[in-house]
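Written out below as structure tokens is the structure these notes cover.
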Amino acid sequence: MDWREFLGSIISNASERDRIATEIGVHSVTLSRWVSGESSPRPHNMRQLLRSIPKQQRNQLQSLLEKYSSDVSDFEIDTSEQEIPYKFIMEVLDARASIPDLLRFWSITRLVLQQALRQLDPEGVGLAITVVRCMPPRDGKIRSLRESVGLGTPPWGGDLEEKALLLGAESLAGHVTVSCRLEHIGDLRANKTFLPAYQVEHEVSAVACPIMHACRVAGCLLLSSTQIDYFAPEARLSLVRGYTNLVALAFNPDEFYDPEKIALHIMPPQKRQQTFFDGFRQRVLKLMQDSSRSEKRLASPEAEQLEWQQIESSLLDFPPENRTG
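What follows is the structure, given as structure tokens:
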């Protein structure tokens, strides 16, 4: 018996086939194609397949897979990877307690995103994670969201902060921030209702989870993957929720807003926004230099926020006919 035959005997039970497919994050028909030989799993799919198989069958399937691919012999099937390590949680709490206010947001979000990227994309198949935060209210309402700290693995660049944009009601992040509910899209090619943050040629699935505190919202954690249904497994969604709760520790209490204050506008697309961000860093430095001659000197985060607010004003005044395409 080879591995395809053995897998076929396991998934002959329809409910078990559906369970395994959901755990892996593929369609059940994909499992049938692996069994028939029409297609073959990639290395990260093999690892997920082994994790999803009951323990009493896992060793035999791994032995059969090793005959098919030498990579399998290096797999360490550790189901504890489905949980955020306790040691890391304590590291975040220590940072929350000890880091000065001015550095807390950047330090904690970078710390959490680095760990989340390692755990959610151990095979490097392609993942982007971004913290999206509410812009300060205008006339008592939140009109847009700001992408801030972001990290990714290829095809995304490592640091996504330089590509940050303002998002609105047209975006997946906007929809989730308004509804205060996690939302994931298994195939962006089939569902184009809401757009994620960084659209690249190989982007296929996305998930966003609201950043909450005491029934108030500060934005969301936004993730995009190159794989179809990558966020379908409940264990992976649980990790997304957990990392989102850790990111919430980076925010001040006054950065969380009552949901009724969220009234997002539709923001122009990336190519139309880009001209407003040209020279962003130079304008921030000028604000800081100018403030040095006044009584209140601006720190870098404060100057950046003022510049973001100026860009938001320009984009909100953008003619409606130029908000698409």
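Using numbering that gives the first Met the number 0, read the sequence shown as starting at 0 and increasing by one per residue.
Ideal placement from N, C-alpha and C gives every residue a C-beta, glycine not left out.
The structure displayed is predicted, hence computed values, not measured ones.
- In the DSSP annotation of this structure, the continuous segment of the alpha helix (DSSP H) that includes SER237 starts and ends at 233-246.
- Beta-bridge analysis with DSSP links LEU144 to CYS133, LEU166.
- Residues PHE87 of the same chain have their beta carbon placed closer than 7 Å to that of GLN114, with the five preceding and five following residues left out of the count.
- Note on the segment 25-77: whole alpha helix (DSSP H) runs with a minimum of 4 residues are 27-35, 42-51, 54-67, in chain order.
- Taking C-beta atoms as the reference points, ILE184 and ALA205 count as a pair closer than 8 Å.
- The segment 212-222 makes contact with the segment 257-274: 3 or more CB pairs, one atom from each, lie closer than 8 Å.
- The three-state secondary structure of ALA96, taken from DSSP, is helix.
- In this structure LEU159 is in contact with LEU150, their Cβ atoms being roughly 6 Å apart against a cut-off of 8 Å.
- DSSP places MET211 in no alpha helix (DSSP H) but in the uninterrupted beta strand (DSSP E) bounded by 204-212.
- Taking a 10 Å sphere around the C-beta of PRO267, we find 16 or more other C-beta atoms and assign the residue as buried.
- By the Cβ criterion, the segment 105-125 is in contact with the segment 243-252, since at least three pairs of Cβ atoms, one from each stretch, lie closer than 8 Å.
- Non-local C-beta neighbours of VAL283 in its own chain, meaning closer than 6 Å and more than five positions away in sequence, comprise ALA302, GLU303, GLU306, ordered along the chain.
- Beta-carbon to beta-carbon, PRO300 and LEU171 are separated by about 26 Å, too far to satisfy the 8 Å threshold.
- Nearest neighbour of PHE275 by Cα position, chosen from LEU314, GLN288, SER291, SER31, turns out to be LEU314.
- Between VAL239 and SER224, the CB-CB gap reaches or exceeds 8 Å.
- A distance below 7 Å between beta-carbons, with the five flanking residues on each side excluded, links THR152 to the following residues of its chain, in chain order: LEU116, ASP120, GLY123, GLY125, LEU126.
- One Cα belongs to ARG292, the other to PHE279, and the distance between them is close to 21 Å.
- In this structure, DSSP gives GLY7 a helical state, which the three-state scheme calls helix.
- Within the same chain, and ignoring the five residues on either side of GLU146 in sequence, the residues whose Cβ sits closer than 7 Å to its Cβ are THR129, VAL131, ALA163, LEU164, LEU166, ALA196.
- Around the beta carbon of ALA207, 16 or more other beta carbons sit within 10 angstroms, so the residue counts as buried.
- VAL148 is classed as buried because its beta carbon has at least 16 other beta carbons within 10 Å across all chains shown.
- For SER223, the three-state secondary structure derived from DSSP is strand.
- Bounds of the alpha helix (DSSP H) holding HIS174 are 171-178.
- When beta bridges are read from the DSSP output, ASP158 appears opposite LEU150.
- Residue pairing for LEU286: DSSP places it in no beta bridge.
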